[in-house]
Structures are given as C-alpha cells and as structure tokens.
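Student: Chains A and B, in that order, are what the protein sequence lines are.
So the mapping is simple: the numbering used here equals the position in the first sequence, first residue as 1, plus 583.
So the mapping is simple: the numbering used here equals the position in the second sequence, first residue as 1, plus 645.
First, the structure itself, so that you have it in front of you.
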Amino acid sequence: MSNSYRIALAGNPNTGKSTLFNALTGLRQHTGNWAGKTVSLAEGTVQHKGKTFRMVDLPGTYSLFSNSTDEEVARNYIVFEKPDVTLVVLDATSLERNFNLALQVLEMTRNVIVCINLIDEAEKQGIKINDRLLTKRLGIPVVKISARNKTGFPLLLDTIERLITGTIECHPIKTIYPDDIEEQIKKIEPQVSKLVGDRLSSRWVSLRLLDGDETLLNEIKKRMLLKGD
Amino acid sequence: MSIQQLYSEAQELSSPKMRDDIVQNLYDRSKQLCLEGVSFSKVKRDTRTEKLDAIFTSPIFGFPIMIIMLGVVFYLTVAGANVPSSMLAEFFGSLEPYLKSFFDFIHAPDWLFGVLVLGLYRGTTWVISVMLPPMAIFFPTFALLENFGYLPRVAFNMDRLFKQVGAHGKQSLTMAMGFGCNAAAVISTRIIESPRERMLAILTNNFVPCNGRWGTLIVLASLFMAANFTGGLKSFVTTGVIVSIVIFGILVTFFVSWTLSKTALKGVPTHYTLELPPYRRPKFFDTVIRSSLSKSWSVLLRAVKVAAPAAILTWIIANVYIGDTSILMYMVQFLDPFGKLLGLDGYIMLAFLLGLPANEIVLPILLMGYLSTGSLTEVDSLVDLKKIFLEHGWTWLTALNMMLFSLLHYPCGTTLLNIYKETKSAKWTFLAFLIPTVIAIFIPLMITQMATIFGWL
C-alpha cells in the first residue's frame, strides 16, 4: 500500500470527469454529454513514476451541500475517506459557476488540484485562462487539460506525484466571510474542534453547522462518534 | 458538549440571511477569480448551440423530432441487422455438422450431445445471431446522439409532462438511462433530491426497455409485425411497431406516476434546474468503437454467461421424465392455462420466470424450451426461427403480447436488488415488482380477450 495513493475526481456534472477518468485509467466507464451520468463511485488505477494512483470517479455535482444523495456520496468521500489528492475538474467554458465547487472543496480538505478541462473548446471560443494567476490566488496547483484530446496529462500526473511526495505543498486560501459570519464561526469553532479533533476541518464543520446541514451532522455521528459515546 | 447540542447552538447563532450570505460569498469569490484569471478575446459567442436548441426544444418541433430520431435509430437497426443476422445464423448452422461428427468420433453419449450441441450451442449461437447485429448498430447510434448532447434536450421536452403527472423533471433523465440498463438507472435516481419523486422514478423506471429487452422486441417485431410487407417497407413497419411500443411504455410511466402521485406518494413536484450542455461533436471513431465493441460485447457476454447454465438447465428439465412427462412439460402445462389467457403460452411464461436473473435470456430459454420438444432438426436460417414459433401456434397476437409483457413485466433480479439497496425497504421493492406485473398481466389479457371477441385473428 505504501506506493499506492487514492486520487478522487470531483467536479460539476458534464465537465468530462468520466472522460478524464477513462483516458487516465484505460477503463470504459460510460460517458455521455449530460448531467447525472455518474452517480456512484468508479475506481481504476494509473501507474506513474513507480507509484500507483487509484483514481476514484465521484458523482458530478453542482455543490457539496448535501441536497441529494449523489452530493452526499461525493462529499462523504472527500471528507471521511480522505483521498490523498482531490482533483477538482472544471469546465473551462463556464468557470464562474464551476469555481464554486472548487472553493467548497478547498474548505473541506487540503490537498487539492484544480484541473481545468475542455481547454480546447475554451480556446476555440476565445477564452484565455491565466493558470499561474489562479494558482497564486487559490494557493493550490491549477492545471489545464483536454481530456478528449489527452493533452496536459503529463503535467497533471507530475503535479499529483509532486504533491504526494511533498515536493510541492498546497496552501489553500481561506475563504473569508463577512464579519458577522466570522464572529459566529469563532464562537463555535473551539467546541467543534474538541469534538472532531484534527480529523475534519473544524472551520468547515462550523460553517456547515451554521448552515444547518443536518445530514452532515448525522454522518459525523455515525462515522466518528459512535465508538466514543 | 454533544454534537447535537452544538448543532442547536449553531442554529441559534445562525439565520436564514446568514445561510444566504455563506452561499453568496462563494459566488462572489468565484466571480472575482474569473474577473482576474479569465479573459475573452473574441466577442463572438458560440451561437450554434442556441440555434440548434431553438429547433430541438421547440414547442412545435420538439416532439416530432424526438419521435423521428427514435424512428431513425430503430430503422437503421432493423434494416441494417437483417443481412448480418442471417449470415451469422448460416455460419453457425454450417458448423453444426462438424460438431456432430466430432461428437460421433469421440463416441460421446447422446445426452452429452443433447446438452452441449442441441441445448447450449444452438441456444447461444442463436442469441448471438439475432442479438449481436442489432446491438452493434443500435448502441453506437444511440451513443452518438448521447455524446452529441441530445439527451438533455429530450429531458427538457419531457420535463413539462413529468411535472404534470406530479413527478420530478429529472425523471426523464433517469428514464433515458433506463434505455440502457434499468439496474443502473435505479442508482441514477440519486440525482433526484426529493425522496417522494425519487421513489416515483424508481417504481416506473422499468417501463422503458433496457438492453436486455431490445433484442426480444426487435426480433419479435421483425419476425411477426411486418409479415405481409417486403423490402424497405418491411423495415419501416417494424420500426413503427418498436417506436409505438417505446411510446406506449412512456405513456404507462406517466400513467403510473400520475396514479401514485395522487395516492400513495402524494405531493407537489419540486423545482430544479436542468443544465443544457453545449452540443459537442462526438469523437466519432471512439464512440462507435467503444459502444459497438465493448458495450455490445459485454451485453452479449452477459447473455451468454447466464444463457449457458440456463440452456443446460432447460435441456435437463426437458429431458428428465417423471412417468411419461418431462419436468419441463409439467411446468409448461401448469402455466399454460394462465399463459393462454394472456395470449401467450406455458413456454413463454416459464421463460419469463426463469429469465428473472436477466432479461437477455428470456428469448434463448424460450427457444430451448421449444426446441427440446420440437421435431425440427435442421436450423440454419432465421426463417427457421419463425417456423419454430409458428409450429407452437404463434400469431402476430402472440408476438405483440410477448412484446408488451416484456416491456411491462417485473424488473430483472439485479434491478430489484438495486431497488432494495436504494430504498432499504422491502415494501417498496415488493411494490416495484407488483405494479409492473399487474400491468403486464392486465394489458395482454385485455388485448387477447378483445381480439377473441372481435375476431381479429
């Protein structure tokens, strides 16, 4: 197991996650040009520089606020199963909506790579993406690829490898909320921290509690607290 | 402090406005990132998608185009599959004498020849000849439409209808998934947020034919529904029949959804947004190779895998006698009166019962059942296939009823298992079995009784 790492693929529906997954793993997970194609987890492996990456294709979701079962499946995997790296696949042609999900993932976990897919289509439409600036702003690697044409893969795999070996580190930017929200976070975060320890990001759990995310609460109870209580 | 107390405390600190603010903040930050990191060099937007959408989702043309698309896909399938089907059948038939001489050469006992050649070999090669060519055309064509981005437009067109019957618009997507595989589609209902609407989608998914049933539908329609026509017209009529069957299944979906949403699953449909992705030119070669080779192959493999043991089982129960009647005949005779009521027979009923694990094997089991008792010895073309059916008293009505029963009957074993896993309720799983079964019995029963009364035959 020492040489095997779990890489989760998250992203909005129809951003080509499954296409990327297939192209990397050589598997034939069904792909299609529509939202909701992948709802359960598919697994496959990639070999790179003597390491085995176990890729896990998560359901495509617009958010990770557990509105529906597929969102819960994706969120639970990232938060509780703790993949070594989470790849967030974004559609280069509608980044504004796609960044939402990336920001949500950044609040949940540390080792994240943003993978901007469909870059070929974006170029055709005259969309230019400054990946260096985005890397700086987000504090994590941003890689441009085209899963259909299999471009950008070497850089993507290298980035995953470097992140795993610690050659590069992620320092995801913290989303700063308006003062009143930050104040409430401060009030409950210490208690959350006592409960979940360093197993989960206490800031994120506090935010979810303020948002009234009851399913997350039940999940935490089920997964982490049952043994203790 | 327990987490429950923490939650209550957080709720006191929070307010609806704060919740909105949290989300709003994420949106603002996304926007900021795009402003800084993304630039647009062309002002010209991609208008192709909008132009196509104006046609494909038009209130006037939307539905006719959908039906025509469906028709074109099936026409290509039916018309294109004829020749390769009979070529394959002839090829496999021509191998049989060699097999026979081989079995003679090794002095194999008769029963072994019976099990392996008359049961297994004939059964499985027929599945391959009749199912492989249509699948090898149908899957790639459908996959091209899918990768092009047409399916969400279908969902968009159907959305209004689903709302009207009290179901969720996304049910049209899970329904589309069901055309591939109902078991997978049941899992795909996870995209529906409301438990009530998700249940509707699960309970009605079975009314669209899956991979395992396309074969049966296409074969029966080609053999019986256009018997009086020849040439291109024949394929045309066959296509018409299959399209009608599919539309009928969708109507049943609406009817059952509506009934349930007025009774056991009362409620108002929730709102949602449906993403219409841009049309993308499919990777033609990739799509065709991937779906025709890998998908047809895996469906076929599944059919053969399940059909092989079923073939042996069928041959055995057909050849083990209690008194002077085989076990198979006991079962057939027991089921026959009921089957006859539905315009079917005991063999067909038995095939559907034994076919519970996978719909792919219903037709093979039926053929093996017929063959094990029939007098036919030489089979080397599709015409002979029809002869077998005719010898057992089939008419177009039998074929129609079997198609309807196949379309409407209980979900396969895998699907039922998935329904149980997804709903975690024995009651709803049983209903998912019961509702289709009742309908599958009722409709052929009505048709058969009417046909008898009005003398349509």
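Every residue, glycine too, gets a C-beta built ideally from N, C-alpha and C.
Per the contact definition of three or more C-beta pairs closer than 8 Å, is the stretch 754–774 of chain A in contact with the stretch 722–738 of chain A?
Tutor: Touching, yes.
Student: Judging by CA-CA distance, which residue of M820/B, I863/B, A909/B is the nearest neighbour of N850/B?
Tutor: Walking along the second sequence from the start, residue 850/B turns up at place 205. Out of M820/B, I863/B, A909/B, M820/B has the C-alpha closest to the C-alpha of N850/B.
Student: If the cut is a Cβ gap below 8 Å, which residues of chain B does T758/A touch?
Tutor: Your numbering for residue 758/A matches position 175 in the first sequence. Residues of chain B passing the Cβ test: N670, L671, R674.
Student: Starting from the Cα of F787/B, find the closest Cα among S833/B, N964/B, F719/B, A726/B and give me that residue.
Tutor: Sequence index remark: in the second sequence, residue 787/B carries index 142 (1-based). Here the closest residue by C-alpha is F719/B.
Student: Across the stretch 850–862 of chain B and the stretch 1086–1098 of chain B, are there enough close Cβ pairs to call them in contact, namely three or more that are closer than 8 Å?
Tutor: no
Student: Would you mind stating whether L842/B and Q809/B have Cβ atoms separated by less than 8 Å?
Tutor: Here residue 842/B corresponds to residue number 197 of the second sequence, with the count starting at 1. Here residue 809/B corresponds to residue number 164 of the second sequence, with the count starting at 1. The amino acid occupying residue 842/B in the given sequence is Glu; Leu does not appear at that position. Not in contact: E842/B and Q809/B (Cβ atoms no closer than 8 Å).
Student: Does any C-beta atom of chain B lie closer than 8 Å to the C-beta of G811/A?
Tutor: Position 228 of the first sequence, counted from the start, is the residue given in the question as residue 811/A. Unreliable positioning characterises G811/A in this predicted model, as indicated by a pLDDT of 48, which lies under 50. A coordinate reading is not provided.
Student: Relative to the C-alpha of N595/A, which residue among I836/B, D665/B, F1099/B is closest?
Tutor: The count along the first sequence starts at 1 and reaches residue 595/A at position 12. For N595/A, the closest alpha carbon among the candidates I836/B, D665/B, F1099/B is that of I836/B.
Student: Please go through the stretch 1029–1077 of chain B and give each complete alpha helix (DSSP H) segment of 4 or more residues, from N-terminal end onward.
Tutor: 1041–1053, 1058–1068
Student: Rounded C-beta distance between L673/A and A657/A? I'm assuming under 8 Å.
Tutor: The count along the first sequence starts at 1 and reaches residue 673/A at position 90. The count along the first sequence starts at 1 and reaches residue 657/A at position 74. Rounded, the Cβ-Cβ distance is 15 Å, inconsistent with contact.
Student: Can you find the residues in the same chain that come closer than 6 Å, C-beta to C-beta, to P779/B, ignoring five residues on each side of it along the sequence?
Tutor: Translated into positions along the second sequence, residue 779/B becomes position 134. So the list reads T722, A726, I863, once near-sequence residues are dropped.
Student: Rounded to the nearest angstrom, what separates Y992/B and V799/B at their Cα positions?
Tutor: Along the second sequence, one-based indexing puts residue 992/B at 347. Along the second sequence, one-based indexing puts residue 799/B at 154. Rounded to the nearest whole angstrom, the C-alpha separation of Y992/B and V799/B is 38 Å.
Student: Could you say which of G764/B, T932/B, G1038/B, L989/B lies nearest to N792/B if we only look at CA atoms?
Tutor: As a working mapping, residue 792/B is identified with position 147 in the second sequence. Checking every option, the nearest Cα to that of N792/B belongs to T932/B.
Student: Using beta carbons (cut-off 8 Å, strictly below), is S651/A in contact with chain B?
Tutor: Stepping through the first sequence from its first residue, residue 651/A is reached at position 68. Answer yes: the Cβ-Cβ gap between S651/A and chain B drops below 8 Å somewhere.
Student: I need the DSSP call for G735/A, collapsed to helix, strand or coil.
Tutor: Here residue 735/A corresponds to residue number 152 of the first sequence, with the count starting at 1. Coil at G735/A, not helix or strand.
Student: G988/B: buried (16+ other C-beta within 10 angstroms of its C-beta) or exposed?
Tutor: For the purposes of this step, residue 988/B is identified with residue 343 of the second sequence, where counting begins at 1. Looking at its Cβ environment, which holds 16 or more other Cβ atoms inside 10 Å, G988/B is buried.
Student: Starting from the beta carbon of E679/A, find every residue of chain B whose beta carbon is closer than 7 Å, and list them in chain order.
Tutor: Taking the first residue of the first sequence as 1, we reach residue 679/A at position 96. The answer, in chain order, is S675, K676, C679.
Student: Do you know how far the Cα of I699/A is from the Cα of T834/B?
Tutor: Taking the second sequence and counting its residues from 1, the one referred to as residue 834/B is at position 189. Taking the first sequence and counting its residues from 1, the one referred to as residue 699/A is at position 116. If you take the alpha carbons of T834/B and I699/A, they lie about 28 Å apart.
Student: Ignore the nearest five residues each way along the sequence and tell me which others in L818/B's own chain have a CB closer than 6 Å to its CB.
Tutor: In the second sequence, counting from the first residue as 1, residue 818/B sits at position 173. Taken in chain order, the residues that qualify are A800.
Student: For M803/B, which residues in the same chain have their Cβ closer than 6 Å to its Cβ, ignoring the five residues on either side in sequence?
Tutor: The count along the second sequence starts at 1 and reaches residue 803/B at position 158. S817, listed in sequence order.
Student: Leaving out five residues before and five after L1011/B in sequence, what residues of the same chain have Cβ atoms less than 7 Å from its Cβ?
Tutor: Here residue 1011/B refers to the residue found at position 366 when the second sequence is read from its first residue. Once the five neighbours on either side are set aside, the close Cβ partners of L1011/B are Y992, I993, A996.
Student: Secondary structure at N964/B, three-state DSSP: helix, strand or coil?
Tutor: Counting from one through the second sequence, the residue named residue 964/B turns up at place 319. N964/B falls in the helix class under three-state DSSP.
Student: Using the beta-carbon of each residue, which ones in chain E are nearer than 7 Å to Y652/B?
Tutor: Absence of chain E from the displayed structure is noted, the protein chains being A and B.
Student: Exposed or buried, N681/A, counting other C-beta atoms within 10 Å across all chains shown (16 or more means buried)?
Tutor: Here residue 681/A refers to the residue found at position 98 of the first sequence. Buried is the call here.
Student: Which partner residues of N700/A appear in the DSSP bridge assignment?
Tutor: For the purposes of this step, residue 700/A is identified with residue 117 of the first sequence, where counting begins at 1. Paired residues: D674/A.
Student: Apart from the five residues just before and just after R791/A, which ones in its own chain have a Cβ nearer than 6 Å to its Cβ?
Tutor: As a first step, residue 791/A is located in the first sequence; it is residue number 208 there, counting from the start. Annotation for R791/A: L799 place their beta carbon closer than 6 Å to its own, counting only its chain and skipping 5 residues before and after.
Student: Reducing DSSP to helix, strand and coil, say where R557/A ends up.
Tutor: Since the first and last residues shown for chain A are 584 and 812, residue 557/A lies out of range.
Student: Which residues mark the beginning and the end of the beta strand (DSSP E) in which A625/A is found?
Tutor: The residue given as residue 625/A occupies position 42 in the first sequence. Annotation for A625/A: the continuous beta strand (DSSP E) segment containing it runs 625–631.
Student: Using beta-carbon positions only, say whether I1064/B and A1044/B come within less than 8 Å of one another.
Tutor: Counting from one through the second sequence, the residue named residue 1064/B turns up at place 419. Counting from one through the second sequence, the residue named residue 1044/B turns up at place 399. Not closer than 8 Å, so no.
Student: Using the beta-carbon count (16 or more within 10 Å), is L891/B buried or exposed?
Tutor: Residue numbering aside, residue 891/B sits at position 246 when the second sequence is read from its first letter. This sequence places Val at residue 891/B; Leu is not what is there. When all chains shown are included, V891/B counts as buried.
Student: Quick one: what's G588/A bridged to in DSSP?
Tutor: Against the first sequence, residue 588/A aligns to sequence position 5. At residue 588/A the sequence reads Tyr, which differs from the Gly that was named. DSSP output for Y588/A lists F636/A as bridge partner(s).
Student: How many Å lie between T602/A and R731/A at the Cα?
Tutor: On the first sequence, position 19 is the one that residue 602/A refers to. On the first sequence, position 148 is the one that residue 731/A refers to. The alpha-carbon atoms of T602/A and R731/A are separated by roughly 7 Å.
Student: Verify the CB distance criterion: does E838/B have a CB-CB separation below 8 Å to chain A?
Tutor: For the purposes of this step, residue 838/B is taken as residue 193 along the second sequence, with counting starting at 1. Yes, its Cβ sits closer than 8 Å to a Cβ of chain A.
Student: Using the beta-carbon of each residue, which ones in chain B are nearer than 8 Å to F682/A?
Tutor: By 1-based counting over the first sequence, the position of residue 682/A is 99. By Cβ distance, chain B contributes R674, S675, L678, C679.
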